[in-house]
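Chain order of the listed sequences is A, B and C. Quick note: the first sequence uses my numbering, first residue 1, plus one each step. Quick note: the second sequence uses my numbering, first residue 168, plus one each step. Quick note: the third sequence uses my numbering, first residue 335, plus one each step. No residue lacks a Cβ here, since even glycine has one placed at the ideal position from N, Cα and C. Values in this document were obtained by computation on a predicted structure and should not be read as measured data.
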Amino acid sequence: MVVAEQDDRLAALEARVRVLEDQATLYRLIAGWGPAADTANGQAAASFWAENAVLQAESMHIEGSAGVRAMIDSDGQQALVQQGCAHVQSLPVVQIDGDRATAINYGRVYLRGEDAYDIWRVSANCWEFARTADGWHVTRRVAHVIDGGPEARGLLGRATSRMRGAP
Amino acid sequence: MVVAEQDDRLAALEARVRVLEDQATLYRLIAGWGPAADTANGQAAASFWAENAVLQAESMHIEGSAGVRAMIDSDGQQALVQQGCAHVQSLPVVQIDGDRATAINYGRVYLRGEDAYDIWRVSANCWEFARTADGWHVTRRVAHVIDGGPEARGLLGRATSRMRGAP
Amino acid sequence: MVVAEQDDRLAALEARVRVLEDQATLYRLIAGWGPAADTANGQAAASFWAENAVLQAESMHIEGSAGVRAMIDSDGQQALVQQGCAHVQSLPVVQIDGDRATAINYGRVYLRGEDAYDIWRVSANCWEFARTADGWHVTRRVAHVIDGGPEARGLLGRATSRMRGAP
């Protein structure tokens, strides 16, 4: 009887710890994007994207981890890296639902200028993840530059819609 | 005997997991502030503030979650959102003491300019939280712009005072 | 038999929770650096550095927690603080291996200017930590400004080398 009760408590703890570990993993995937982008390491960047993932931003639409890899390995990305760039991801609002998860955060791209750094880009990001046999992968990331328009607000609204009492 | 020992270990684990979950929740409340502010969604912003909370910054003193809601819904905030703004919160130093918690971090407001983004505001923030039957809420946030003066340093000092060996 | 099985599950959970706690502690040490630097509180800054730690950046090489303390207490640091500075650390990629750990992230130094803030410095950071009887301490931090050169890329590459499938 007591043992059965302990069994339930163990199972509950195991489930709670798993969610915490999932959250740590998702933080890590998000935090790892910058180092991969800023070293133009397409293989590393693509390694945590699902094979059929989608990366979308303004007019850009990239398909698959192979597409992510090609973008990060491109001449344009290499030029940014040679100038000195930092793709920094902010603390995300993560929502985990079993084997699916989303995260909303801000990305900023700092570019080396003559005397200081310029902030070339500030964007709202919505990340989607799926857990596979091989761990968590990004299945979709939609980003939109913060420009006063409705697109970025729409992405950020996906974070607020999960807060208590939100419409 | 062995079962009683396991009971103690279970209880200890449950308490430790609860602290980790609390920390994740507080990170989430802090990370959620930006998306609410940058969509001028007063209801979402106010949803995780206590009814009698206080929001203070330089000469501003706002009372209650209703006051927070009114500020986020105001014309001034709407104008910032139309221009393109991002309120980004940094990784906080969180201290949890049972049903109370504090967090110290930096806030930055990026504003869309003509060619790049301006950093309109960098502030030191001290957040206070309380756990209620309805979960964690912000009970007080004091922010002060980083201007070389003693106020912001006083807020940041609340983080350092909790480090090992600090005065 | 059942009790022995529960014992194994308890031990596994205890180990997993410990890693999560370690990660939270390392986040906290990283997040605490800014508040110590921006209040020029050398004692607080040094309190989480190992006695024989090394702090390296470009041409700078500082030895020991005493060296860290002296740097933070220096006139140069005080001048930055009087002008208004914010040393903000980004979400890190943390890797824990027992009693050792590393973290890769970005640091930014915002300086108060006339009308807005300048970004004086954006750097890649590689932190190394060790667990002692007295808790986790920084044993080494190597930072390099993001300038398009290979040094910062080398530090960031230490994060990508830990991602799945990376070279």
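Just measuring C-alpha positions, the residue of C/Ala413, C/Asp449, C/Ser408, C/Arg465 sitting nearest C/Arg434 is C/Arg465. Counting only Cβ-Cβ distances below 8 Å, C/Val351 has contacts in chain A at Val17, in chain order. One alpha carbon belongs to A/Leu26, the other to B/Ile313, and they sit about 31 Å apart.
About 7 Å separates the beta carbons of A/Leu55 and A/Gly67, which is inside the 8 Å limit, making them a contact pair.
Taking 8 Å as the cut-off, the Cβ atoms of A/Leu156 and B/Gln256 do not count as close.
Here C/Arg403 has Gly376, Ala380 as same chain residues with Cβ atoms under 6 Å from its own Cβ, once five neighbours each way along the sequence are excluded. Close partners of A/Gly34 in chain C (Cβ separation under 7 Å): Tyr440. The Cβ atoms of A/Ser123 and A/Tyr106 sit closer than 8 Å to each other.
Boundaries of the alpha helix (DSSP H) around C/Gly366: 336-371. Counting along the chain, no alpha helix (DSSP H) covers B/Asp314, and no H or E run does either.
Look at A/Asp22: its C-beta is not under 8 Å from any C-beta on chain C. C/Leu414 carries a helical assignment under DSSP once its states are collapsed to helix, strand and coil. The alpha carbon of C/Asp468 has as its nearest neighbour, out of C/Gln429, C/Asp449, C/Phe382, C/Glu355, the alpha carbon of C/Phe382. Under the Cβ distance rule, A/Ala86 counts among the residues neighbouring chain C, one pair being separated by less than 8 Å. The beta-carbon distance between A/Trp127 and A/Ala103, rounded to whole angstroms, is 4 Å. This is short enough to meet the 8 Å contact definition.
By the rule that beta-carbons nearer than 8 Å mark a contact, A/Asp7 touches chain C. The beta carbon of A/Asp73 is closer than 6 Å to those of Gly42 in its chain, skipping five residues each way along the sequence.
Close to B/Arg298, with beta-carbon spacing below 8 Å, lies no residue of chain C; the smallest spacing is near 18 Å. Within chain B, the residues whose beta carbon sits less than 9 Å from that of A/Leu13 are Leu177, Leu180, Glu181, Val184, listed in sequence order. In this chain, the alpha helix (DSSP H) harbouring C/Ala379 covers 376-380.
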